[in-house]
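Colleague: Taking UniProt numbering, the leading residue of the sequence shown gets 1, the next gets one more, and so forth.
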Amino acid sequence: AGDAAEFDKPLGIAVHPGGEYALVVEEGHQVRKVALSDGTVETVAGSSSSGHADGVGDAASFDKPTGIVIDADGAVAYIADKENHMIRKLTLESNGGSQYEVATLVGNTGDDTILKKPTGVALYGNYLFVCDKDNHRIRRVTLTEGDSYGDISTLSGTGVEGSAAGTASTATFAKPYGIVAYGPDSSGSTFLIVSGHKSNMLRAIQISDDTASDYGQTINFAGTGDEAHLDGSGEDAEFHKPASLALSPSGGELYVADKDNNRIRKLELCATASSTPSPTPSPTPSSSSSSSSSSSSSSSSSSSSSSSSSSSSSSSSSSSSSSSSHSSSS
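#1: Please classify Thr144 as buried or exposed, where buried requires at least 16 other C-beta atoms within 10 Å of its C-beta.
#2: On the three-pair Cβ rule with 8 Å, is the segment 226-235 touching the segment 206-216?
#3: So is Val160 buried or exposed if we call it buried at 16+ other beta carbons inside 10 Å?
#4: Just to confirm before moving on: does the CB-CB distance between Phe173 and Leu202 stay below 9 Å?
#5: Since Ser61 is in the beta strand (DSSP E), which residue starts that stretch and which ends it?
#6: For Val25, which of Ala165, Thr167, Gly55, Thr119 has the nearest alpha-carbon?
#7: Near Thr81, which residues of its chain fall below 6 Å by C-beta distance, leaving aside the five closest residues on each side in sequence?
#8: Quick one: Cα of Val34 to Cα of Glu20, how far?
#9: Taking the alpha carbon of Val31 as the point to measure from, which residue in Glu101, Ala171, Asp112 has its own alpha carbon closest?
#10: Determine the burial state of Thr190: buried for a count of at least 16 other Cβ atoms within 10 Å of its Cβ, exposed for fewer.
#11: Taking the beta strand (DSSP E) that Tyr149 falls in, what are its first and last residues?
#12: Counting along the chain, where does the beta strand (DSSP E) carrying Glu42 start and finish?
#13: Is it buried or exposed for Ala14, if we count other Cβ within 10 angstroms and need 16 for buried?
#14: Can you say whether Asp54 is buried or exposed, counting buried as having 16 or more other CB atoms within 10 angstroms of its CB?
#15: In or out: Thr280 buried (at least 16 other Cβ within 10 Å) or exposed?
#16: Three Cβ pairs or more, each shorter than 8 Å: is that satisfied between the segment 43-59 and the segment 125-134?
#17: Threshold first: 4 residues or longer. Then list the alpha helix (DSSP H) segments lying entirely within the segment 92-139, N to C.
#18: On the DSSP bridge assignment, give the partners of Gln206 in chain order.
#19: Should Asn200 be labelled buried (16 or more other beta-carbon atoms within 10 Å of its own) or exposed?
#20: Taking 9 Å as the cut-off, decide whether the C-beta atoms of Ala257 and Ser244 are in contact.
#21: Could you check where the beta strand (DSSP E) with Pro184 kicks off and where it finishes?
#22: State whether the segment 129-136 contacts the segment 161-181, with contact taken as three or more CB pairs (one from each stretch) at a distance under 8 Å.
#23: Mapping DSSP to helix, strand and coil, what is Asn220?
#24: Leaving out the 5 sequence neighbours to the left and right, which residues in its chain are closer than 6 Å to Ala75 when beta-carbon positions are compared?
#25: May I have the straight-line CA-CA distance separating Phe7 from Thr211, to the nearest angstrom?
#26: Determine the contact status of Ala237 and Arg263, defining contact as a CB-CB distance below 9 Å.
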């Protein structure tokens, strides 16, 4: 319990909407539950050995789960099971079934043709959005009950590694990692914000209306693409392998686990995500708040959704009904 508990390389974290506990996924192939009141830790799913098995509690197994997100009702968690190339569903409330039951939602172990090392996960509406990292795509999984439940499609990305903005069918990504849903903004639009682990950029993807012509439209949101550290406006800021993402409770600030810069960065989000954001990275404890300061981390590991967010990242909900996710970098 508390400081006596031990973790095995925690990679993703999500706070339950009730605020009573957080769920942590770790490289040790387990899902841990942390009581926020006293820090008590218990294992709710997974064994200490890697594998793939659906089941209840420790009868289930994972292989380096990374990103995790909890739905708005607090009944279900979705987990990016990276090395199994799967998305897993963890039941948190029994509702006539088994509590802490793990089931495979999409993907096949040993088969990376559907998903290849998924990391960040985010919820919005009736969809789960996934950073399909090594396929360089953002995927969409249908959560509506019925024949289409679990169907997976590509939201954006051609599968060719790159950082080109464009429509859903022309935009390119380079190892997308962390992901959150942001909005609605002042124009009523909702976006996914995605970190590019290899592109060193943050991207924004339009998801307000899946029947609109701009659905899946992708813009370059922040970062020059250079592997460097520089605070400043979104178009001038520089990152080095940005990983997990988290929104503040108000939805007005975006926090970035800037992995290879060993920093946590903060961006002040504009009224519309299609505008250039105003990054104001978190100040160090000894400095006053400044748009050009950043908070330094002593570790090179990231933390989500996220991915997640995620080893050192935390979960946060946006001002809409969307949920944020966290993943970690590997």
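From the three backbone atoms N, C-alpha and C, an ideal C-beta is built for every residue, glycine too.
Modeller: Reading off the structure:
#1: Taking the sequence shown and counting its residues from 1, the one referred to as residue 144 is at position 144. So Thr144 counts as exposed.
#2: With the cut-off at 8 Å, the segment 226-235 and the segment 206-216 do not touch.
#3: Residue 160 sits at position 160 when you count from the first residue of the sequence shown. Exposed: under 16 other Cβ atoms inside 10 Å.
#4: Working through the sequence shown from its first residue, we reach residue 173 at position 173. Working through the sequence shown from its first residue, we reach residue 202 at position 202. When the beta-carbon positions are compared, Phe173 and Leu202 stay at least 9 Å from each other.
#5: Start at 1 with the first residue of the sequence shown, and residue 61 comes out as number 61. Segment: none, Ser61 is in no beta strand (DSSP E) and carries neither H nor E.
#6: As a working mapping, residue 25 is identified with position 25 in the sequence shown. Ranking Ala165, Thr167, Gly55, Thr119 by Cα distance to Val25 puts Thr119 first.
#7: Here residue 81 is taken as the residue at index 81 of the sequence shown, counted from 1. Sequence inspection shows Asp at residue 81; the Thr mentioned does not correspond to that position. Closer than 6 Å at Cβ, skipping near neighbours: Phe62, Pro65, Arg88.
#8: Here residue 34 corresponds to residue number 34 of the sequence shown, with the count starting at 1. Here residue 20 corresponds to residue number 20 of the sequence shown, with the count starting at 1. Near 9 Å, if we compare the C-alpha coordinates of Glu20 and Val34.
#9: Residue mapping note: residue 31 aligns to position 31 of the sequence shown, counting from 1. Of the candidates Glu101, Ala171, Asp112, the one whose C-alpha sits nearest the C-alpha of Val31 is Glu101.
#10: Position 190 of the sequence shown holds residue 190. Counting Cβ neighbours within 10 Å, Thr190 comes out buried, since at least 16 surround it.
#11: For this step, residue 149 is matched to residue 149 along the sequence shown. Boundaries cannot be given for Tyr149, as no beta strand (DSSP E) includes it and DSSP labels it neither H nor E.
#12: Counted from its first residue, the sequence shown places residue 42 at position 42. For Glu42, the uninterrupted beta strand (DSSP E) run begins and ends at 41-45, by DSSP.
#13: Indexing the sequence shown from 1 puts residue 14 at position 14. By the Cβ-count criterion, Ala14 is buried, with 16 or more other Cβ atoms from all chains shown falling within 10 Å of its own Cβ.
#14: Position 54 of the sequence shown, counted from the start, is the residue given in the question as residue 54. The residue in question, Asp54, is exposed, as its Cβ has fewer than 16 Cβ neighbours within 10 Å.
#15: Mapped onto the sequence shown, residue 280 falls at position 280. With a pLDDT of only 41 at Thr280, under 50, the local geometry of the prediction cannot be trusted, and no value is derived from it.
#16: By the Cβ criterion, the segment 43-59 is not in contact with the segment 125-134, since fewer than three pairs of Cβ atoms, one from each stretch, lie closer than 8 Å.
#17: DSSP runs (the alpha helix (DSSP H)) wholly in the segment 92-139: none.
#18: Translated into positions along the sequence shown, residue 206 becomes position 206. Beta bridge pairing from DSSP links Gln206 with Phe191.
#19: As a position in the sequence shown, residue 200 is number 200, starting the count at 1. With 16 or more other Cβ atoms within 10 Å, it is buried.
#20: Within the sequence shown, numbered from 1, the residue matching residue 257 stands at position 257. Within the sequence shown, numbered from 1, the residue matching residue 244 stands at position 244. Ala257 places its beta carbon less than 9 Å from that of Ser244.
#21: Locating residue 184 in the sequence shown gives position 184, counting from the first residue. Careful: Pro184 lies outside any beta strand (DSSP E) and carries neither H nor E.
#22: Segments in contact, yes.
#23: Counting from 1 along the sequence shown, the entry for residue 220 is found at position 220. Three-state DSSP puts Asn220 in a strand.
#24: The residue labelled residue 75 in the question sits at position 75 within the sequence shown. Answer for Ala75: Leu92, Glu93, listed in chain order.
#25: Residue numbering aside, residue 7 sits at position 7 when the sequence shown is read from its first letter. Residue numbering aside, residue 211 sits at position 211 when the sequence shown is read from its first letter. Going from the Cα of Phe7 to the Cα of Thr211 covers about 44 Å.
#26: Residue 237 sits at position 237 when you count from the first residue of the sequence shown. Residue 263 sits at position 263 when you count from the first residue of the sequence shown. Going by C-beta atoms, Ala237 is not nearer than 9 Å to Arg263.
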